[in-house]
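Inspection log for the structure reproduced underneath, given as structure tokens.
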Amino acid sequence: MPDATIDLPLTFSVPEMFRDIDFTVSAEANTERLIDDLTGLDPRPTDDEIAHAIVSQQAMYEMLAAAGAVYAGILLSGPTEDEPDKQLGSMLLSVTARPSELSNEDTVHRLARTMGAIYPDAEVGVVRLPVGPAVLLTEESKVPRPVNLLNAGGDPTVVRQLHVFVPIPGRLAMADFAIATENLAEWDSCVEIVGQVCKTIAFV
-1 MPDATIDLPL
9 TFSVPEMFRD
19 IDFTVSAEAN
29 TERLIDDLTG
39 LDPRPTDDEI
49 AHAIVSQQAM
59 YEMLAAAGAV
69 YAGILLSGPT
79 EDEPDKQLGS
89 MLLSVTARPS
99 ELSNEDTVHR
109 LARTMGAIYP
119 DAEVGVVRLP
129 VGPAVLLTEE
139 SKVPRPVNLL
149 NAGGDPTVVR
159 QLHVFVPIPG
169 RLAMADFAIA
179 TENLAEWDSC
189 VEIVGQVCKT
199 IAFV
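Following this line, the structure appears as structure tokens:
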């Protein structure tokens, strides 16, 4: 598991293609790494796209750190030789510690019912992972600014999120494995990635 800021009794693996956000260093240090990554892309993003990426990442760093994120990583994608017209895009993967009323399997079904009532427009269900049952929640929302790190546009955009809430045995807590992206054309690939991550979860 990548370095975490919170000690949780679980491990998980993230694909190497993700660029980890390091919560043990400053937002500025993470920004320097992001700039190096962006300027190394071919074709290189514009100065406006890079500036937008810097502001977006600093905002995400503060938000995730305040929420108690255990891990956060960004997957950048863009034009390739096979797909020269592919747009620049990004996906955010995060793992956050959340409080829970119960520490057993019952919390999954209670949480699913609660989430369904609170978010009537979201898709909510229960799935069984190798480590046990978990709650899935998929929702879309419009935000005034794109969360796509490489999108410099200012119009509202649709952001789709998938949360996988995994109860932690013996603790009144759960781990929230989440992805967020506005690149809906690649949604199936995003879901597959978070599914792969969840299959690696192990309690210690």
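Going letter by letter, the sequence shown gives residues -1 to 202 in my numbering.
Backbone N, C-alpha and C fix where the C-beta goes; we use that ideal spot for every residue, glycine too.
All values reported here derive from a predicted model rather than from experimental measurement.
Hey, quick one: how far does the alpha helix (DSSP H) through residue i stretch, first residue to last?
{"i": "R96", "result": "Taken as a continuous stretch (DSSP letters only), R96 belongs to no alpha helix (DSSP H), being part of the beta strand (DSSP E) at G87 to P97."}
{"i": "T37", "result": "A25 to T37"}
{"i": "L203", "result": "Nothing in the structure corresponds to residue 203, since the chain is present only between -1 and 202."}
Is the distance from the Cβ of residue i to the Cβ of residue j below 8 Å?
{"i": "L8", "j": "A176", "result": "no"}
{"i": "G216", "j": "D18", "result": "Because the chain in this structure spans residues -1 to 202, residue 216 falls outside the shown range and cannot be described."}
{"i": "V122", "j": "G114", "result": "yes"}
{"i": "P43", "j": "I191", "result": "no"}
{"i": "S11", "j": "V125", "result": "no"}
{"i": "R96", "j": "A171", "result": "yes"}
According to DSSP, is residue i part of a helix, a strand, or is it coil?
{"i": "L6", "result": "coil"}
{"i": "T112", "result": "helix"}
{"i": "V192", "result": "helix"}
{"i": "S11", "result": "coil"}
{"i": "T105", "result": "helix"}
{"i": "D18", "result": "strand"}
Report, in whole angstroms, the separation of the C-beta atoms of residue i and residue j, which I expect to be a contact under 8 Å.
{"i": "S92", "j": "Y69", "result": "7 Å"}
{"i": "L182", "j": "V162", "result": "Contact doesn't hold; Cβ gap of about 19 Å is too wide."}
{"i": "P204", "j": "V106", "result": "An answer regarding residue 204 cannot be provided, because it is not within the stretch -1 to 202 covered by the chain."}
{"i": "T136", "j": "A120", "result": "6 Å"}
{"i": "A25", "j": "E60", "result": "7 Å"}
Apart from the five residues on each side of it in sequence, which residues of its chain come closer than 6 Å, Cβ to Cβ, to residue i?
{"i": "T179", "result": "M89 and C188"}
{"i": "A67", "result": "S92 and T94"}
{"i": "L74", "result": "S88"}
How would you write the range of the beta strand (DSSP E) that residue i sits in, first residue to last?
{"i": "T179", "result": "A171 to T179"}
{"i": "V53", "result": "No beta strand (DSSP E) holds V53; the alpha helix (DSSP H) holding it covers D45 to A64."}
{"i": "I72", "result": "A67 to S75"}
{"i": "E121", "result": "E121 to L127"}
Here's a check: name, in chain order, each residue in its chain whose Cβ is nearer than 8 Å to the Cβ of residue i, leaving out the five neighbours to either side.
{"i": "K140", "result": "P154, T155, V156 and V157"}
{"i": "F16", "result": "G71, I72, L73 and L91"}
{"i": "W185", "result": "R158 and T179"}
Ignore the nearest five residues each way along the sequence and tell me which others in residue i's own chain have a CB closer than 7 Å to its CB.
{"i": "A63", "result": "F21"}
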